[in-house]
């Protein structure tokens, strides 16, 4: 924080001099990136300068000039003291938000997984909702799998969450106390499953006291005459829910190609933890759009990055360009507490210290009463608080105060 | 029948109620329509089959909108030339056509099954019906736009919308009507270019437009951005002039106890007497005299009410009743002359007075005009006649329209109407501009040529100020323009100081109350975004409800200033250590309300500097 402040103050001085233009601009002579870095210029800026100079084969003095210019330009973009960055970010994100469509994109057929886009998705991220409406994963593959088309297909199919109820048709006879399961050939073929294997799996699941009769793809369970109907029902329903292959929550699997023409697996439904454990998946690049899950599995920093990526991507898909810095600020706000908290009254608003700020947002009476119960103190440091009491806000021209000597 | 069987059958509804199932819905529909066409069942019964849901809807109830179309069978219109001849000889009439199934009425639902051809030529084997006239595809209002088929669809909508806002003579008994608000164009004219719908609606008897000589040319920037320039000479001759009527009323209410309101000129004893000047236009009956001038500061109906509470009986037992002032006044900023006064009874039998006030609305800068093609504009300037550009024949346009209004909006109909209007005024008769079926451009050109005018409708103009010839030729013609009822006089408003709300001491809202424009939450945020802290403070506090309250340093609560004893002290602890603090009255009010809820908001003070 302090380092940032120092650089900001320095920045101001340089800019002022540049505007006057009576003396040549004083810029410390630096050549290597290290020194640049000490001045607070980020790596990306000086790396670009270096790359450019190398490519154009500039002379040493020219490189210096270019670096000076780059430093100047960079300094111009640094936020000044007292700038209301929060409001500017909110307005910059809010105004284009009015152009977002309410429409959800649905892709015909199985060519693409439908993902909520537009205002729904933005709202989901900003409000920090724990359940995404269209959870989806993009699974990158390990090198050997990626190159083998069959292996890719096989891996994709093995991910699909298949429960017994998906492939079994059940007929119940409660009078004679037996139950017949008929395996659905079509469904099995769809999921490339072998009937023999499945029957074996089923046998393992069945308690020993039940008699199992197999006939082709038809299985009959004979229960003892004394068995309670209730128990039979319970057992069967429990069995039907059993997973026989795949990863839980993965509903649809599609093999497509990404922008660089590399085969990837897209899924509807998400289970990051389980997928990352698979040998066939590339654990570095595989992602999900379920932010909560990322925060749980990979940590809050990863979730922050994903918030930025998702928001920026969603806006870009709708042909809206917003400066990343606004989104970065929002992402910081959402994740700085260590967990994902939306910009709603149950999220970051709850953590605010000022009772007036909370009261002016939502549930006015509740917050005022609470403040009275606990004898809270209003420090009048924020914007709304000062507007309420009728004082100049401490932003922009209001940042400075007079001191009597 | 099994449930499965029912699922395949079509459901049949009569007036929205499921009454049964049918195997062959198409045949059923066909049969019903067939028997309607031979008048076995009523002509107003409609039947429709929805293929998607496999449902048949039969409707016979009231409230459906129907429209007549000619029946087409096997690609041939049933209205043959033979029948047309019979019609011309008046051997047949409309009802006969309906009875014979030549014309039938479709409702919205049956229309979904129909395929209606626009005209005879476009009939194919697939068509089921034929429009009686192609304008049938347009609404009543839209079909009043001449040369509509040359316009962009959106502009037709615009134009149609503004028909409802145009002033004219929209009724035959204007003198006897006491509308709360009403508009009356002084010199309405028949539109030179008309459509058949206008004939049917008798728009020539109750017109709502005037024929303006329009030149499509810029005029020193006064008609930029959809403004129009008017000729002051034309305005003074009555162009676009109209009357605005507003009716005010009052009732002589009866109160329990035999007391009554009274129409009279209030005397000086009346509680709330407003001065002689206020009642100057009232006659001795308490009602304004006809043709008396009234404005926002004069009463139109003088009324007094009995006292709200009975006074104590004085020593001598005689009490003079102190009546209250309850007069009715003309609305603020609306002045005019009393047009009509009537006295009648209301439903309770109390005496009711109604006074209609008329004001002349002379076109001025900011008033709105529109042609029938959605080309609306606000008056940008009213130019003295001598400064107006003129043609070689000495004709000065009534209105100058900016050429930029034309290309992007593609209202070619407007241009055609200009030509047709010009031809019509030379010919001396109205020209038919009915959509799809009008006098063609070639004909218009011929007419113009016959009368010695240029075919392309262009004229050579001379600048009225310099007398120089204006470079380029200017397209000029006659268009029916309408005065729309949006007028600056009724909308203009400004405020610097003014009334405030009692509770919050913030400025009032709304034009009637001389209010300010709300500087709301989002507006405040923009100033925060710019870092304009002091401006925001000025807008929210100084220009609004700023107060300086005394605050006790010890208790942190609002203290008082006892002006009689000249003492400033805290009412809670009695301390005189109280200091003035600037705050918004809204905040002070909130503190009071918190106190009323049993909370104790303490203000901690600090030196400002």
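Chains as they are written, first to last, in this note's numbering: chain A, 593 to 997; chain B, 236 to 844. Idealized CB from N, CA, C, for every residue including glycine. Remember, it's a predicted structure, so these values are computed and weren't measured experimentally.
- If you draw a 10 Å sphere on the C-beta of residue 810/A, you find fewer than 16 other C-beta atoms in it, and that means exposed.
- If you compare the alpha carbons of 879/A, 918/A and 794/A with that of residue 731/A, the shortest gap goes to 879/A.
- Counting only the Cα atoms, residue 748/B lies some 27 Å from residue 981/A.
- Taking a C-beta distance under 8 Å as the contact criterion, residue 788/B and residue 812/B qualify as a contact pair.
- DSSP places residue 946/A in the coil class of the three-state scheme, outside both helix and strand.
- At a cut-off of 4 residues, not a single continuous stretch assigned as alpha helix (DSSP H) sits fully inside the region 573–609 of chain B.
- The residue among 889/A, 881/A, 794/A and 655/A with its C-alpha nearest the C-alpha of residue 724/A is 881/A.
- Counting only Cβ-Cβ distances below 7 Å, residue 980/A has contacts in chain B at 822, in chain order.
- Put simply, the region 261–275 of chain B does not touch the region 315–325 of chain B. Fewer than three CB pairs are less than 8 Å apart.
- The beta-carbon of residue 781/B is placed less than 8 Å from the nearest beta-carbon of chain A.
- Separation of the CB atoms of residue 636/B and residue 451/B is rounded to 5 Å, and the pair is thereby assigned contact status at 8 Å.
- Contact with chain A is found for residue 776/B, since one of that chain's Cβ atoms lies less than 8 Å from the residue's Cβ.
- Residue 735/B is outside the set of residues whose beta carbon lies under 8 Å from a beta carbon in chain A.
- Classified as buried, residue 773/A has 16 or more neighbouring CB atoms from the shown chains inside 10 Å of its CB.
- For the region 706–785 of chain A, the continuous alpha helix (DSSP H) assignments of 4+ residues that do not extend past its boundaries occur at 711–718, 735–739, 741–751, 756–759 and 777–782, in sequence order.
- Identification of chain B residues near residue 676/A by a Cβ-Cβ cut-off of 7 Å yields 763, 764 and 766, ordered along the chain.
- Under the 8 Å Cβ criterion, the region 658–668 of chain B counts as touching the region 676–694 of chain B, having at least three qualifying pairs.
- Taking a beta-carbon distance threshold of 8 Å, residue 922/A does not count as an interface residue toward chain B.
- In terms of Cβ geometry, residue 625/B and residue 696/B form a close pair [threshold 8 Å].
- Closest in C-alpha terms to residue 803/B, from the list 319/B, 443/B and 784/B, comes 784/B.
- Collapsing the DSSP output to three states places residue 450/B in a strand.
- For residue 784/B, the enclosing beta strand (DSSP E) begins and ends at 781–787.
- Residue-level contact by beta carbon holds for residue 759/B and chain A, with a gap shorter than 8 Å.
- Here residue 539/B is buried: its Cβ has 16 or more other Cβ atoms, across all protein chains shown, within 10 Å.
- For residue 927/A, the closest alpha carbon among the candidates 953/A, 758/A and 886/A is that of 886/A.
- Counting of Cβ neighbours within 10 angstroms places residue 898/A among the buried residues, the total reaching 16 or more.
- For the pair residue 714/B and residue 723/B, the Cα-to-Cα distance works out to about 24 Å.
- Each of 414/B, 775/B, 479/B and 344/B was checked against the Cα of residue 983/A, and the nearest Cα belongs to 775/B.
- Of all residues in the region 654–684 of chain A, those with a C-beta nearer than 7 Å to a C-beta of chain B are 674, 675, 676, 679, 680 and 683, reading in chain order.
- Taking a beta-carbon distance threshold of 8 Å, residue 771/B counts as an interface residue toward chain A.
- For residue 988/A, the nearest CB of chain B lies under 8 Å from its own CB, placing it at the interface with that chain.
- By alpha-carbon distance to residue 531/B, the top candidate from 562/B, 508/B, 566/B and 472/B is 566/B.
- Assigned with DSSP and collapsed to three states, residue 828/A falls in helix.
- Residue 477/B is bridged by DSSP to 420/B and 596/B.
- Closer than 8 Å to the CB of residue 985/A there is at least one CB belonging to chain B.
- Under the Cβ distance rule, residue 960/A counts among the residues neighbouring chain B, one pair being separated by less than 8 Å.
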